[in-house]
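Chemist:
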Amino acid sequence: MKQGTKSKGQDIKGKGVFYPIFCSLLLVSCFLTSFAEDLPQKESTETPKVHIVKKGDTLWDISKKYLNNPFKWHDIWDKNKFITNPDLIYPGNNIAIPGIFDKVEIEKEIQIEAEPEIIPELPEEKIEKIEAEVDEDKIPELPQVTLQPPPPAKIPLTTEVVIATSGYIIPQEMEKGVVFDSPEPRTIFGRGDMVYINIGEKSGAKVGSRFTAYKPLRVVTHPVKGNTVGVLIEILGELEIKEVRDDNSTASIIKSYKAIELGDKLQEREDIIVPMIDPAAKVEPKDMRGYIIEAKEQKTTVGTEDIVYIDLGRETGVSAGDRFTIFKSGEEKEKKIKRGEVIKLPKVVIGSLQVITPMENTSTAIIRDTRKEIVIGEMIEYEKR
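In the numbering used here, the protein residues as written are 73 to 457.
1. Whole angstroms is fine: what's the gap from G280's alpha carbon to G449's?
2. Tell me the rounded alpha-carbon separation between H294 and T300.
3. Kindly indicate the opening and closing residues of the beta strand (DSSP E) around E453.
4. Run through DSSP, which three-state label would I167 get?
5. Return the residue from the list L334, E245, D350, A323 that minimises the CA-CA distance to P228.
6. Considering only heavy atoms of the ligand COA, does any lie closer than 7 Å to the CB of K274?
7. Relative to the C-alpha of L304, which residue among R290, I325, I313, Y454 is closest?
8. Determine whether the beta carbon atoms of K456 and I422 lie at a separation below 8 Å.
9. Rounded to a whole number of angstroms, what is the C-alpha to C-alpha distance between K371 and G385?
10. So which of Y381, L425, P430, P418 has the shortest CA-CA distance to T397?
11. According to DSSP, is S321 helix, strand or coil?
12. Candidates M451, I134, V233: which alpha carbon is nearest I428's?
13. Give me the Cβ distance between G302 and P243, rounded to the nearest whole Å; I'm assuming they're in contact under 8 Å.
14. Would you grab the beta carbon distance between I172 and R263 for me? Rounded to a whole angstrom, and I think it's under 8 Å.
15. When the Cα of D318 is compared with those of P142, E377, G276, which residue comes out closest?
16. Per DSSP, Q339 is paired with what?
17. Residues in the same chain with beta-carbon distance under 6 Å from E306, minus the five sequence neighbours each way, listed in chain order, please.
18. H294 by DSSP, collapsed to three states: which one?
19. Buried or exposed for S261, going by 16 or more other Cβ atoms inside 10 Å?
20. Please state if the CB of L308 and the CB of D336 are separated by a distance shorter than 8 Å.
21. With a threshold of 16 other CB atoms inside 10 Å of the CB of L160, please say whether the residue is buried or exposed.
22. Could you spell out where the beta strand (DSSP E) holding A236 opens and where it closes?
23. Would a C-beta distance cut-off of 8 Å place Y363 and D394 closer than the cut-off?
24. What distance in whole Å lies between the Cβ atoms of L334 and T259, which are believed to be in contact at a cut-off of 8 Å?
25. Can you give the beta carbon distance from V125 to N165, rounded, assuming they're within the 8 Å contact cut?
26. Does the distance from the CB of V251 to the CB of I269 come in under 8 Å?
27. For the alpha helix (DSSP H) containing D383, list its first residue and its last residue.
28. When burial is assigned at 16 or more other CB atoms within 10 Å of the CB, is K128 buried or exposed?
29. On the DSSP bridge assignment, give the partners of Y363 in chain order.
30. I need the boundaries of the alpha helix (DSSP H) containing K151, first residue and last residue.
31. Out of T230, D265, E366, state which residue places its alpha-carbon closest to the alpha-carbon of R440.
32. Take L311 as the anchor and find which of I438, W145, M266 has the nearest alpha-carbon.
33. Can you tell me whether A353 is buried or exposed? The criterion is at least 16 other CB atoms within 10 Å of its CB, across all chains shown.
34. Excluding the five sequence neighbours on either side, which residues of its own chain have a C-beta within less than 8 Å of the C-beta of A392, listed in chain order?
35. Answer with buried or exposed for V355, where buried requires no fewer than 16 other C-beta atoms within 10 angstroms of its C-beta.
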């Protein structure tokens, strides 16, 4: 019995020591929690990861680096529509990595509620009412104002890269010079590289002059009429002169849409303007009919988002954004039902296209819709909407 009494006394004494300590720790914990709530909080936002291509990079290597699987290179290719050939990427290209994001810490501003300002009461003053005599006959009538809704926002027809890499057909080249050499022992160049061009002071060049690098791809013949239409031009990039001499200059590649090689030609710089269109605008009726005469990369069949060239241009009234219905090649057919009776069958609609770059007698267009296989030589007609 005495032993049990002693144990109970020791237990009470132990609690007497532990209880103040426990209360102190609880107070400190509450204080720290309250203090932490007052600190600036941080949240993260996600921005798509972009890889800037360096010399020697391939989609295989980039996929292995970011996606830990080189066989997922096709996912990166699908994400970056400007890459027309997965084997051809160039230094300076910005490549978005699907599913990979950079986290950016953003510090929230602490909003502190200000104490309400106490405004002293002002002494009441007697206000005398003054009644003025108004001649209603002399009050001018204000004109009625009708509020007009704001004009609808215009949207870009496509991107600068798509327009540049789509090219166009011209009757003949307007060559100004060529890329003939480089300070480096190389034959293929991209953004940031230095090259030598055969344009100098005698040709009117000076430091800061800019030129467009291009490649003539092939002569285009009309698939239906058989006449020569012109030369298909592919835009490669833009150069700026850094040092100028009598007959040649040193130039820097400041824009690169595709690889620039020795022997590629130069012409006066052309601004690449992305057309802005109003989807809600009324479409003017135009009587225009023509043909698809060529396709990018010499494709014989084309589908949605492919680039094609038509035999209608600014001279026939074509503008950027114009849409055309595509019909199956061949004229309307006539079918005999019975003796002496002929029925004309309608043309078959197989898709539509939209003009992105109108030239003088031809235009570059993008296929917007396909219902059946589209081949070179198909008929087109201005879309009535």
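All C-beta atoms in this analysis are idealised placements derived from N, C-alpha and C, irrespective of residue type, glycine included.
Modeler: Quick answer:
1. 44 Å
2. 6 Å
3. 451 to 454
4. strand
5. D350
6. The ligand COA is not part of the structure shown, which contains no ligands of any sort.
7. R290
8. no
9. 22 Å
10. L425
11. Of the three classes helix, strand and coil, the one that applies to S321 here is strand, per DSSP.
12. V233
13. About 5 Å; that satisfies the 8 Å criterion.
14. Going by Cβ atoms, the distance from I172 to R263 rounds to 23 Å, so no, they are not a contact pair.
15. G276
16. In DSSP, Q339 forms a bridge with T284.
17. G239, K287, L289
18. coil
19. The sequence shown places Phe at residue 261, not Ser. With 16 or more Cβ atoms within 10 Å of its Cβ, F261 is classed as buried.
20. Contact annotation: D336 and L308 have beta-carbon atoms nearer than 8 Å.
21. exposed
22. From DSSP, A236 is part of no beta strand (DSSP E) but of the alpha helix (DSSP H) over 232 to 238.
23. No, these two residues do not count as a Cβ contact at 8 Å.
24. 5 Å
25. Yes, they are in contact, since the Cβ atoms of V125 and N165 sit about 4 Å apart, within 8 Å.
26. yes
27. Where D383 is concerned, there is no enclosing alpha helix (DSSP H), given that its DSSP letter is neither H nor E.
28. This sequence places Gly at residue 128; Lys is not what is there. It is exposed - the Cβ of G128 has fewer than 16 other Cβ atoms within 10 Å.
29. BP columns for Y363 point to M451.
30. 145 to 151
31. T230
32. M266
33. exposed
34. L229, P347, I349, V427, I428, T429, P430
35. exposed
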